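Trainee: First the structure, then my questions, so here it is.
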Amino acid sequence: MSSEVRSLLLLILDMTPASWGFCTSDFGLPNCIEAALGFANSHLMLSSFNEVAVIGVTPSQIKFIYPSHSETLVGASNDGQNDALSCMNNTVRQLSLDLVTSCSSTSTQIVLAGAIIKGLCYYLRRCRELQPSTRHLDDPSETTMEFSEGNDKISARILIIKASDDSTSQYLSLMNSVFTAQKLHVPIDTCVLPLPRQLDNLNGRRSISSPGHSSLLQQAADLTGGIYLQIPRVSGLLQYLLSVFLPSSKMRTSLILPDSRSSGLSFGMSDERLARKVEKHKLSDPFDDVAWKIMRKMGYEHGQGLGVNAHGVVEPVALSKQKGRSGLGSARKVSPKRIESLTDDLYQSSNPELVWHEGCDDAMADGDRIWSWSMEIEHCTVAKLESLIINPDGPEALGPPIERLDNEDKFCSVDLVQEVLNYKNQLDHFSKANVTKSHERSNPYEMIKRGIFMNRAAMKMANIDSVFNGMFTTAAPKNDILYFADVCAGPGGFSEYTLWRRCNSPYPVPYSSSDSKHISYSNNDKMLDDKSNISSTNQNSSAASEKQPLLAAKGFGLTLIGECDFRENDFCAGPKEAFMAHYGPAHDGDITKWCNLASFASFISRGTNKTGVHILMADGGFDVSSQYNLQEVMSKQLYLCQCLCALINLRPGGHFVTKLFDTFTEFSVGLIYIMGYLFEEIFIIKPVTSRPANSERFLICKGLRSPLKTMAGCLPHPKSTPTTNHLEVSDQKSSFRQKTRKFPNQQQQMMNDVGDHDLEASKNFGVLTESSSLLGLVITYFLRINEKLNQLQITNQTLTGSSKIDILKICHSEAITCDERFMQFIQGMNEDFAEHQCVALSKLIAFSHDHNLVEDRQVEVYKACLEKWKIPTAERRFVPWPLLSINRSAVIHGLLGDSENFTSLNMLPSDYRPNIRLSSFTNAHLSNLDILCSSRIVLVCGKPSMTLTSEPAQSMFIYSHGCGVMDIFCTTDGDQWNKLDQVIPRLKPRLPPGTLIWGQPFCEYAAKNGLRKHGLFIYDVVCIYGRDCRKLAYRKRMELAQQMTNVINFPDMTSSNVRVPPFLRLTELVDYVKKLPLLPCKDSHTPVQMHRLPDDFTFQPHSLLLVQHMTGKI
98 MSSEVRSLLL
108 LILDMTPASW
118 GFCTSDFGLP
128 NCIEAALGFA
138 NSHLMLSSFN
148 EVAVIGVTPS
158 QIKFIYPSHS
168 ETLVGASNDG
178 QNDALSCMNN
188 TVRQLSLDLV
198 TSCSSTSTQI
208 VLAGAIIKGL
218 CYYLRRCREL
228 QPSTRHLDDP
238 SETTMEFSEG
248 NDKISARILI
258 IKASDDSTSQ
268 YLSLMNSVFT
278 AQKLHVPIDT
288 CVLPLPRQLD
298 NLNGRRSISS
308 PGHSSLLQQA
318 ADLTGGIYLQ
328 IPRVSGLLQY
338 LLSVFLPSSK
348 MRTSLILPDS
358 RSSGLSFGMS
368 DERLARKVEK
378 HKLSDPFDDV
388 AWKIMRKMGY
398 EHGQGLGVNA
408 HGVVEPVALS
418 KQKGRSGLGS
428 ARKVSPKRIE
438 SLTDDLYQSS
448 NPELVWHEGC
458 DDAMADGDRI
468 WSWSMEIEHC
478 TVAKLESLII
488 NPDGPEALGP
498 PIERLDNEDK
508 FCSVDLVQEV
518 LNYKNQLDHF
528 SKANVTKSHE
538 RSNPYEMIKR
548 GIFMNRAAMK
558 MANIDSVFNG
568 MFTTAAPKND
578 ILYFADVCAG
588 PGGFSEYTLW
598 RRCNSPYPVP
608 YSSSDSKHIS
618 YSNNDKMLDD
628 KSNISSTNQN
638 SSAASEKQPL
648 LAAKGFGLTL
658 IGECDFREND
668 FCAGPKEAFM
678 AHYGPAHDGD
688 ITKWCNLASF
698 ASFISRGTNK
708 TGVHILMADG
718 GFDVSSQYNL
728 QEVMSKQLYL
738 CQCLCALINL
748 RPGGHFVTKL
758 FDTFTEFSVG
768 LIYIMGYLFE
778 EIFIIKPVTS
788 RPANSERFLI
798 CKGLRSPLKT
808 MAGCLPHPKS
818 TPTTNHLEVS
828 DQKSSFRQKT
838 RKFPNQQQQM
848 MNDVGDHDLE
858 ASKNFGVLTE
868 SSSLLGLVIT
878 YFLRINEKLN
888 QLQITNQTLT
898 GSSKIDILKI
908 CHSEAITCDE
918 RFMQFIQGMN
928 EDFAEHQCVA
938 LSKLIAFSHD
948 HNLVEDRQVE
958 VYKACLEKWK
968 IPTAERRFVP
978 WPLLSINRSA
988 VIHGLLGDSE
998 NFTSLNMLPS
1008 DYRPNIRLSS
1018 FTNAHLSNLD
1028 ILCSSRIVLV
1038 CGKPSMTLTS
1048 EPAQSMFIYS
1058 HGCGVMDIFC
1068 TTDGDQWNKL
1078 DQVIPRLKPR
1088 LPPGTLIWGQ
1098 PFCEYAAKNG
1108 LRKHGLFIYD
1118 VVCIYGRDCR
1128 KLAYRKRMEL
1138 AQQMTNVINF
1148 PDMTSSNVRV
1158 PPFLRLTELV
1168 DYVKKLPLLP
1178 CKDSHTPVQM
1188 HRLPDDFTFQ
1198 PHSLLLVQHM
1208 TGKI
């Protein structure tokens, strides 16, 4: 690659119509543009690497003129003229004319700050396109930016050709843009044109005037190292441009600029004039100023305050010393043990291997540290487990709470534990802001941050998933639904990553303009008239479908409400409609409450057809800033309940990941040991995305061992469990009858309500499927421990000192210490982890003490890690769908216009207007029933919902823009689009973004209470989450629609259910009608034939829709 410097000229032209219109000179705006083009052409001809960008400015608009997306088509160039230069010249002329004619403002003042910022943004964009490093040069005299490859450099400079007046209101914004240019080493040159203007004065007479010097641009040129020049004669503009502004910045020191008497003073005064002005200021009376005179007339005397009685502050107001977001008047408490300024009091271990020095820590993309262990299958018996566990109410399990970890040396060297604690105590002497900044500078992986996701937790999950070769996101087959649970993990980074990895296409799908224009289809591609089944099975189509988005994940969440809650609306990388949070009967999402655990298990059971989730992720934690060393002890109940939740909800073979901190105590180690009985393999991992100085690590449990074919479930909470003893039930009903008997007819009604409530409670809180196996025994045991911890927490609130009691261990110590393989695993992990943590803490303390230390490997490590984890380096943007613009569906672009910036949707083509194409089934069709039987299938339609005008809803096309229920649009005729909630207010489907379907609103009824609810039947699909479904067979399209409904429908949700109607062959219709049961319906006085759906909802069959298909291919 050549070493010649690339030079970018950013040309800003003042095209204010009022300024040029009042000009009395023969030199007009066209002449100025031609002079500027001559200057630009000369700049381009100096080197083949040079570039030009032209920005036009008017009082009402700032516009990029060149390069532009709307470059004009140019014919043959003049003889001897370069084609590229001819194209640029004609484009600039045409777009300049368009810009001037579109401006209706009569103001002569322009705002240049926006133009400068546009130019700087374009410069940085060109730098990124040419792959430069992100490091700016420290030498301010060097106005170039180095490239990451080769020795190329790129420089930029701004030239402003100005003919209008300054606007004093733009001072702050202009100075901010100038300071940005100064930081980027981009000089700002200014050429001011003194255009003579003919203006009317107050006496009605016309006068000739010209704008003076621009003090704002003088400062801009002085601060950035540019040249400021007001040319004497505007007719010689090209001459001044070529002689003064064309040479590079390094050659300008050899130039003799035009005389200041003709060109005007620069912002930097000469030494002689400046000295005379300073001397004059010293000799003059400071009170001669007009403001001082006014104050003196109001009674002010020098040296006194401004109060009524001459009281008040006399000294100038001191500069604010406030830092951060603290309110006015707040004073930060300074610890007496601060050591930022000390040099010799920093703690260092006596072991040199536990002290950081340059080059001792290797930062690599595969720097994750992993420890593994598995229990032999012959040891996993109920008898051995029963002999291992301890009664949580017994004296062996209980004891005074742990207040120090110094004595916890059973599973780690006491010296290493003490070293870790010493380093952590040392951090307490530094301010929190200092430690945070030092983390950012010392951690070689710090630049990874959140990437395209909402927080760092998502990137941690991407890191862990990559280390285990996609074990979590590939737990289900690629085209099946991956069921996952996310507990104690607000705001939802784990879920966002999982949805992104499963639902988005593995490779970018480029936008094709030709595809978007193909909005009409041949007879082989028509919807509802599908005859293209053969083409849908070829290899090219299947390969293309693999690269398209697919709704293949469904998530269930449980976390605390409030600040720790999920933020589904921030899911930019994946569809938020595929995730729903649950908070339990306590309505707080507290995982330590038995009723919430049981309710969450029932929620998952009904949402997965009792099969359970493939993976469960937990990321629980809370603020322990005042007790860093006791983080493990304070988090042990959270450890327990997260493991318990995984055992309850995982399906056989499922995987579990949860966050841990220190693992020094018998409680934590015993919990890990018991989990080894139930999983094929146990891992503890310290991913590179977890800061090396903290105690964070992750427990990975692979492959749940379960004798069941479904999830285990949870025992109902005792307070919510209906009594199973018949005598007790009778006694309860009897006492209840005595309390509520008021009217003769009320007793039976109340008795029925109690019975229904008991049955519903049993359903909502679930039941433990099997309690005699290892899995059932551990679930029951963990529930007992959790209840005991809750009881002790309440009891200890009334106790003080040594009288407090806590559960210290859950397993017999001898049983664990006798297992040599496990002891090697847990001790080796703890000691290896502690050694690396001591080095990282030593490095953090050194960086906190010396602010000049910087980790210089962050950029290299950042790129290597994202490449390994297959995460794009694109910036996170809040767009409806999808995250990357190159993934937008060509179907939506072609049919409905821009998926981001539309004000009204386009009309649908005639092939997409089913209400016009469809015909009613008449008696004439009955005579050809035998013919129809072989070429039609039947969709059973429900009773239509009522619209806002009290009319039955027609079938309609529905499009989801992806920003919630408020951005779902519908049309019945293909011409007029309306918001769905304005047509049917109570219809609120959870449709994922980029979805275009044909369907009909209908009424469904809850079987338990007959409650009417609005639903949506899907008759056909065009696009699902951006996936083009038009060329698929009708059966395949409806399978994708069914999969979408399985993903977006959740138990007990307030949104409307989206369903695929029952469809069958025409020959099966008679048997179907005969088998429909007679059920009560809220909209009918007598029982009617109803179709029962799998989730205990029913609907009344109302009509049939016949769909043509290829025989045997539906």
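Heads up: the sequence shown at position 684 corresponds to 781 in our numbering, and the numbers run straight through without jumps.
Ideal Cβ positions, reconstructed from N, Cα and C, are used throughout, including at glycine.
Model, not experiment: these values are computed from the prediction.
1) How big is the Cα-Cα spacing for F753 and S765?
2) Under 7 Å, do C477 and Y878 count as touching if we go by C-beta distance?
3) Short of 7 Å in beta carbon distance, which residues of its chain neighbour S486, apart from the five on each side in sequence? Order them along the chain.
4) So, are the CB atoms of N746 and G800 less than 7 Å apart?
5) Is R1189 near the ligand GDP, with its Cβ less than 6 Å from a heavy atom?
6) Closest by CA to R1132, which one among T1151, S1153, V1144, P1158?
7) Could you check what DSSP says for D1261 in three-state terms: helix, strand or coil?
8) Straight-line CA distance for L727 to V875?
9) Just mark F919 as buried or exposed, buried being the case when its beta carbon has 16 or more other beta carbons within 10 Å.
10) How would you write the range of the alpha helix (DSSP H) that W597 sits in, first residue to last?
11) Can you give me the C-alpha to C-alpha distance between S139 and T113, rounded to a whole angstrom?
12) Give a yes or no on whether 7 Å exceeds the smallest Cβ distance from C915 to chain B.
13) For R1083, which residues from the same chain have a beta carbon less than 6 Å from its beta carbon, with the 5 sequence-adjacent residues on both sides left out?
14) Is the segment 466–483 close to the segment 951–970, with three or more CB pairs under 8 Å?
15) Suppose you measure from the CA of G400 to the CA of V411; what does that come to, to the nearest Å?
16) Counting along the chain, where does the alpha helix (DSSP H) carrying K259 start and finish?
17) Smallest Cα separation from F342: which of I882, D286, F1054, P293?
18) Determine, using beta-carbon pairs with one atom in the segment 669–681 and one in the segment 787–800, whether at least three such pairs fall under 8 Å.
19) Which term fits P1006, buried or exposed, when burial requires 16 or more other beta carbons within 10 angstroms of its beta carbon?
20) Alpha carbons only, please: which of A132, R501, M556, L403 is nearest the one belonging to K965?
21) May I have the straight-line CA-CA distance separating V154 from W117, to the nearest angstrom?
22) Helix, strand or coil, according to DSSP, for W1074 in the structure here?
23) Note the first and the last residue of the continuous beta strand (DSSP E) segment covering N966.
24) Given a threshold of 16 other Cβ atoms within 10 Å of its Cβ, counted over all protein chains shown, does K259 qualify as buried or as exposed?
25) DSSP on E660, reduced to helix/strand/coil?
26) Applying the 10 Å Cβ sphere with the 16-neighbour rule, what's the burial state of G456?
27) Please look up how many angstroms separate the CB atoms of P1089 and L648, rounded, as I've assumed it's under 8 Å.
28) Counting Cβ pairs closer than 8 Å, one from the segment 530–540 and one from the segment 561–570, do we hit at least three?
29) Taking the runs of the alpha helix (DSSP H) that are 4 residues or longer, which of them lie wholly in the segment 671–748?
30) Would you list the one or two residues that DSSP bridges to L579?
31) Measuring CB atoms only, is the segment 684–701 touching the segment 784–791, in the sense that at least three cross pairs come out at less than 8 Å?
32) Taking the alpha-carbon of P449 as reference, which of V405, E516, I391 has the nearest alpha-carbon?
33) Determine whether the beta carbon atoms of A698 and G810 lie at a separation below 7 Å.
34) Is the separation between the beta-carbon of V564 and that of D465 shorter than 7 Å?
35) How big is the Cα-Cα spacing for S145 and Y337?
36) One question on the structure: do L905 and G496 come within less than 7 Å of each other, judged by their Cβ atoms?
Mentor: So, from the data block:
1) If you take the alpha carbons of F753 and S765, they lie about 16 Å apart.
2) 7 Å or more divides the Cβ of C477 from the Cβ of Y878.
3) According to the sequence shown, residue 486 is Ile rather than Ser. Excluding positions up to five away in sequence, the list reads Y878, I907, C908.
4) For the pair N746 and G800, the CB atoms are not nearer than the 7 Å cut-off.
5) For the structure depicted, the ligand GDP is absent and the ligand set is empty, with no information on it obtainable.
6) Comparing alpha carbon positions, the residue from T1151, S1153, V1144, P1158 closest to R1132 is P1158.
7) With the chain covering only 98 through 1211, there is no way to say anything about residue 1261.
8) In a straight line, the C-alpha of L727 is about 27 Å away from that of V875.
9) By the neighbour-count rule (16 or more Cβ atoms within 10 Å), F919 is buried.
10) Boundaries of the alpha helix (DSSP H) around W597: 590–600.
11) Computed Cα separation, rounded: 25 Å.
12) Protein chains in the displayed structure number just one, and chain B is not present.
13) A distance below 6 Å between beta-carbons, with the five flanking residues on each side excluded, links R1083 to the following residues of its chain, in chain order: H1111.
14) Flag = no, the segment 466–483 and the segment 951–970 do not touch.
15) In a straight line, the C-alpha of G400 is about 7 Å away from that of V411.
16) Segment 250–259 is the beta strand (DSSP E) holding K259; no alpha helix (DSSP H) there.
17) The shortest C-alpha to C-alpha distance from F342 to any of I882, D286, F1054, P293 is the one to D286.
18) The way I'd put it, the segment 669–681 doesn't touch the segment 787–800; fewer than three beta-carbon pairs between them come closer than 8 Å.
19) Exposed is the call here.
20) Nearest of A132, R501, M556, L403 to K965, Cα basis: M556.
21) Using only the alpha carbons, I get a separation of about 13 Å.
22) Secondary structure at W1074: coil, using DSSP grouped into helix, strand and coil.
23) Correcting the residue identity first, residue 966 is Trp in this sequence and not Asn. Premise fails: W966 lies in the alpha helix (DSSP H), 955–966, not in any beta strand (DSSP E).
24) Under this definition K259 is a buried residue.
25) DSSP places E660 in coil when its eight states are reduced to three.
26) By the 16-neighbour rule on beta-carbons within 10 angstroms, G456 is exposed.
27) With a Cβ gap of about 6 Å, P1089 and L648 count as contacting.
28) With a cut-off of 8 Å, the segment 561–570 and the segment 530–540 do not count as touching, because too few Cβ pairs lie within range.
29) Counting whole runs of 4 or more residues, the segment 671–748 contains the alpha helix (DSSP H) stretches 691–704, 728–731, 733–746.
30) For L579, which the question treats as bridged, DSSP gives the partners A650.
31) Result no; under three Cβ-Cβ pairs closer than 8 Å.
32) Comparing Cα positions, the closest option is E516.
33) Yes; because the gap between Cβ atoms is below 7 Å, this pair is in contact.
34) In this structure, V564 sits near D465, with a CB-CB distance shorter than 7 Å.
35) Looking at the two C-alpha atoms, the distance is approximately 24 Å.
36) In contact: L905 and G496 (Cβ atoms closer than 7 Å).
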